[in-house]
Amino acid sequence: MAEAILEVRDLHKHYPLTQGILFKKQVGAVKAVDGVDFDLAAGETLGIVGESGCGKSTVAKMLVNLERPTSGSIRYKGDDITKLSPRALKAVRRNIQMVFQDPYTSLNPRMTVGDIIGEPYEIHPEVAPKGDRRRKVQDLLDVVGLNPEYINRYPHQFSGGQRQRIGIARGLALQPEIIVADEPVSALDVSVQAQVVNLLENLQTEFSLSYVFIAHDLSIVRHISDRVGVMYLGRIVEIGTDAQIYDHPTHPYTQALLSAVPVPDPEARAHRERIILTGDVPSPANIPSGCRFRTRCWKAQERCTLEVPLLAVPAVYRLTDSPAKHDSACHFAEEKHVVPTEEDTGNGGEGPGGNGGNGGEGMEANGGAGPKSL
Amino acid sequence: MPEQLPEPLESFEEGQAIAPTGAGGASDLATAEGETLEKTPGGPLGTGPDKKPRSLWSDAWHDLRRNPIFIISGLIIVFLVIISIWPQLIASGNPLDCDLSKAQEGPQPGHPFGFNGQGCDVYTRTVYGARASVQVGVFATLGVTILGSILGGLAGFYGGAWDGVLSRITDVFFAIPVVLGGLVLLSVVSSNTVWPVIGFMVLLGWPQLSRIARGSVITAKQNDYVQAARALGASNNRMLLRHIAPNALAPVIVVATIALGTYISLEATLSFLGVGLKPPTVSWGIDISSAAPYVRNAPQMLLWPSGALAITVLAFIMLGDAVRDALDPKLR
Amino acid sequence: MLLEVRDLHVEFHTRDGVAKAVNGVNYSVDAGETLAVLGESGSGKSVTAQAIMGILDIPPGKISGGEILFQGRDLLKLKEDERRKIRGAKMAMVFQDALSSLNPVVSVGDQLGEMFRVHKGMSRKDARAKAVELMDRVRIPAAKERVGQYPHQFSGGMRQRIMIAMALALEPELIIADEPTTALDVTVQAQVMDLLAELQRELNMGLILITHDLGVVADVADKIAVMYAGKIVEQAPVHEIYKAPAHPYTRGLLDSIPRLDQKGQELYAIKGLPPNLLAIPPGCAFNPRCPLARDRCRIEEPPLYDVTESPVKRSSACHFWKECLHG
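Top line first, the protein sequences correspond to chains A, B and C. Just so we're aligned, residue 0 is where the first sequence starts under numbering that gives the first Met the number 0, counting upward by one. Just so we're aligned, residue 0 is where the second sequence starts under numbering that gives the first Met the number 0, counting upward by one. Just so we're aligned, residue 0 is where the third sequence starts under numbering that gives the first Met the number 0, counting upward by one.
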């Protein structure tokens, strides 16, 4: 891998739960992020997927310093940004920018587009001299595919997709190296999503950006990411290249997540094996002991209650060359093919069984609370 | 939960564009999808119907200009302000120039509203009475708005202990009955000016505005654009002045406009009770008070000042309503 | 035919003019059948559903033409109290946002029971028992214990199950589900969609599924109506449409979604923006965004052509559907 420009180690964010009005007493904590590690290499896109409440947005906020971590470190080119002085932090901030999810609330409705995109220059005047700013803003509008003449318009005169382009232009203004995009297309219409995804990809090549791309839509994440991390209840449970994660997942949660994604192909209906998880995600204020996924896992055994599985290459794959050789936080990690490919549906015959597969056994072990084939 | 559900936004867009969620949903059609002005990879589309930038303020102004309620109340208010500055424009007499021999007499040529119990011209006194009302209303509102929005705004922005203390203080003030408070506090001052009354109103009125300001600052603070500014490294001052204040202002303006009307009527109430303005100041409240015993014999004494008061208060409340409608973001 | 919508027109009167939200929609659904209505925001898919249910806000909305035949009767000609009897009892709706569709201060048991008390005149106790039965049916664990709880005490997926239970309470013949799983997480989405499909089969109901998600549609629908700018642009059985779309808009949508099974090249993006309903382009509404557009498309509004080359009945509102069909 190329040199890491961002190294995240053992990142935690706990929100205290308090009781009492005047004398607040801490009675617990919402463990939104509970030990996250990853590296981001220069020029790559790291996708982070997970369901709501898994802590992915909190990770994003910590990366751009909107939230202070409870513990852990975020190293940007070796400097821990969680420990920098305000002055040094301001300089680092230039290099890590964010694109927000909601194009309707992320632009100040009382400011013109020119003021919104130009604001980074007012905060960091060293980047662009005053006389230069208007031209720079117009260049940025052009770069994101908007007419530079719209500089004096207000956000409410634009559609959702256009507003998201404005948000992206603001993120690019300071020529950052890293862009953290939190669900940048989930609020957009399908036909507009593709435009924005393409724009992000083109900008990455043009400005050699690194992306941390956070989303719940697994198809989009695969499309844009070089590597993907899957989060569950505040932790990354599996991380690897897009092919490793999507075609050779070894963590049961990843498998369930992938198998649940509706595939836009009616032919796949009959051949797909779906793992339908039972129950709901536990509260982050009350995380299960041992493996945090065990309450919904069909493979769970006693060991899972007692021992926290580490995010590492599973022992069975350590000495192989298999694509399943990637980090997965499961005691019983095992490859399982869950995403139907064209060959699967094309030959019309048997469905894609588990390649490594004794998922059925695990189901028995858990009293039938496990995968249900459709 | 620290994290937001990603998907409901989808519904937000959907709702904006087509769901007929009241009048708002439908008129959003215009703004959300209103202009197809994108320069797309495939080439430029037709531009929208108008090319002028429209800020939310200018949109609101555009709406207000077409609202008959705003026009009517606005004209009344402009008229009131003019006569409170230059009452001589429409009343040539002196309100303190009274002739006891004419006491309680009805309308006469040159004296269309008749005379009051002291033989003063009711028309002249009604016109001159506007000054006290407008003064009290405007200055009390200014004081309340400035004090209330600074204290409430800071509490909303910084939160924490400062906010807790302020909230308790406003609770205490809310518990004070206004009229009773006025009777107690104002009876100890002996001044012939409007300032003690204004001071009293500011003292008791700021908590209402501070609560509104606090709430709207908290709402504005949660918007992503404030987070975006923070992520850029913006200072607290910049976030507060550039991003939060302009967006939190609308509800404050609306409440302040409506409050202006109520301060005018409060002034009349206090003057009626004898603790507000005192003669020789000319005020509708004083005139209503002095007319009360004669209402059977000389109703014109009561009718004109109270009519003027009612119209004034109504004008400000209508103005506040019109401004609220125009600034309501749900209609955008 | 259970439900037939014929040439439905709905407009909204706004301060900026008349927005034509639905412009001549025709579709039908039979008992036991699932019709997916696919479209983006502003396509008129939800407005059509609201018109069918009779929950459109009038004004600003206005049904300016057409018929909605439910079991042969035109709903638009019925009196409001006759319609009310049909609503809930014969047709029901599942909304996207279960939290705001449930009353936060009434327990879910009472909300479910109310259906029986109002429509069937049951006693409080019987209605409660029915509520528990329904919650069991939508597989809410420990229904008996949870029947007295309030909506906020349930998770998103559970709330959506309660919404489904409420819709099913009186065993209606038609269910309209407006983005029923959009607000839910992927794994929960699958649970809820499964449940809905299973109950539909069991009760032999007609289901109109309104969504923007091509994946969900492929999973459950029998036939699809694709809407754009208040019109149906393509209608076909589900397999045909995914194999070979006969309208460039459908093709564009299918091409613009990234795939789960491979990384793929640059996404195809439909250029431009959805149309402004206050000023729908003349001719074919899709023409400014269409790669196949030519002069005819800018002048002549395409009717819904029969796609004669297909062995099954399907239609497309494109002058050049042949070209589109063959790629």
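All residues carry an ideal CB built from backbone N, CA and C; glycine is no exception.
query: Would you report the Cα separation of residue 127 of chain B and residue 322 of chain B, rounded to the nearest angstrom?
result: 28 angstroms
message: Using a 10 Å radius around the Cβ and a threshold of 16 neighbouring Cβ atoms, would you call residue 206 of chain B buried or exposed?
response: buried
message: Residues in the same chain with beta-carbon distance under 6 angstroms from residue 143 of chain B, minus the five sequence neighbours each way, listed in chain order, please.
response: 201, 204, 205, 208
message: According to DSSP, simplified to helix, strand and coil, what is residue 241 of chain C?
response: helix
Buried or exposed by the 16-neighbour rule on C-beta atoms within 10 Å, applied to residue 11 of chain C: buried
query: To which residues does DSSP link residue 208 of chain C through a beta bridge?
result: C:35, C:176
Helix, strand or coil at residue 286 of chain C [DSSP, three-state]: helix
task: Flag this pair as touching only if the stretch 239–253 of chain A and the stretch 223–230 of chain A have three or more C-beta atom pairs under 8 angstroms; answer yes or no.
output: yes
- prompt: Beta-carbon separation of residue 21 of chain C and residue 229 of chain C under 8 angstroms?
  reply: yes
- request: Grab the span of the alpha helix (DSSP H) containing residue 92 of chain B for me, first residue to last.
  value: Looking at the DSSP string, residue 92 of chain B is not in any alpha helix (DSSP H), and its letter there is neither H nor E.
query: Should residue 226 of chain B be flagged as near chain A, meaning a C-beta pair shorter than 8 angstroms?
result: yes
Proximity below 8 angstroms, CB of residue 69 of chain A to CB of residue 12 of chain A: yes
query: Alpha carbon to alpha carbon, how far is residue 204 of chain A from residue 112 of chain A?
result: 25 angstroms
task: Please work out which residues of its chain come closer than 6 angstroms, Cβ to Cβ, to residue 178 of chain B, disregarding the five sequence neighbours upstream and downstream, and give them in chain order.
output: none
query: Looking at residue 340 of chain A and residue 125 of chain C, is the spacing between their C-beta atoms short of 8 angstroms?
result: no
Opening and closing residue of the beta strand (DSSP E) in which residue 236 of chain C lies: 230–236
task: Go ahead and label residue 151 of chain C buried or exposed: buried means 16 or more other beta carbons lie within 10 angstroms of its beta carbon, across all protein chains shown.
output: exposed
- prompt: Around the C-beta of residue 125 of chain A, are 16 or more other C-beta atoms found within 10 angstroms, so that it is buried, or is it exposed?
  reply: exposed
message: When you compare the CB positions of residue 193 of chain A and residue 102 of chain A, do they come within less than 8 angstroms of one another, or not?
response: no
task: Output the distance between the C-alpha atoms of residue 325 of chain A and residue 191 of chain C, rounded to the nearest integer angstrom.
output: 32 angstroms
field: Closer than 7 angstroms at the beta carbon, the chain A residues around residue 280 of chain C
entry: Neighbours of residue 280 of chain C on chain A: none; closest Cβ ~16 angstroms, over 7 angstroms.
field: Under 8 angstroms from the C-beta of residue 232 of chain B: neighbouring residues of chain A
entry: 88, 89, 92, 93, 122, 123
- request: Starting from the Cα of residue 217 of chain A, find the closest Cα among C:209, C:186, C:201, C:242 and give me that residue.
  value: C:186
message: Between residue 234 of chain C and chain A, is any beta-carbon pair separated by less than 8 angstroms?
response: no
- prompt: What does residue 51 of chain A touch in chain C if you count any residue whose Cβ is under 7 angstroms from its own?
  reply: 184
query: Three-state secondary structure (DSSP) at residue 230 of chain A?
result: strand
- request: Within its chain, find whatever has a CB closer than 7 angstroms to the CB of residue 41 of chain A; leave out the 5 residues flanking it on each side and keep chain order.
  value: 1, 2, 4, 209
query: Whole alpha helix (DSSP H) runs in the stretch 222–281 of chain A with 4 or more residues, listed along the chain?
result: 241–246, 251–259, 267–270
message: Is residue 61 of chain A close to chain B? Criterion is C-beta to C-beta, closer than 8 angstroms.
response: no
field: Contact list for residue 50 of chain C against chain A, beta-carbon separation under 9 angstroms
entry: Within chain A, no residue comes near residue 50 of chain C; the closest Cβ sits about 22 angstroms away, beyond 9 angstroms.
- prompt: Does the beta carbon of residue 333 of chain B sit closer than 8 angstroms to a beta carbon anywhere in chain A?
  reply: Any property of residue 333 of chain B remains undetermined from this structure, which presents chain B solely from 0 to 331.
query: Under three-state DSSP, which class holds residue 17 of chain A?
result: strand
task: Taking only beta carbons into account, state which residues of the stretch 96–109 of chain A come closer than 8 angstroms to chain B, listed in chain order.
output: 96, 97, 99, 100, 101, 103, 104, 105, 106, 107, 108, 109
- request: Verify the CB distance criterion: does residue 252 of chain A have a CB-CB separation below 8 angstroms to chain B?
  value: no
- prompt: Hey, does residue 273 of chain C have any beta-carbon neighbour from chain E nearer than 8 angstroms?
  reply: Within the model displayed, chain E is absent; protein chains A, B and C are what it includes.
- request: Mind reading off the beta-carbon distance from residue 249 of chain A to residue 333 of chain A? Whole number of angstroms is fine, and I expect it under 8 angstroms.
  value: 6 angstroms
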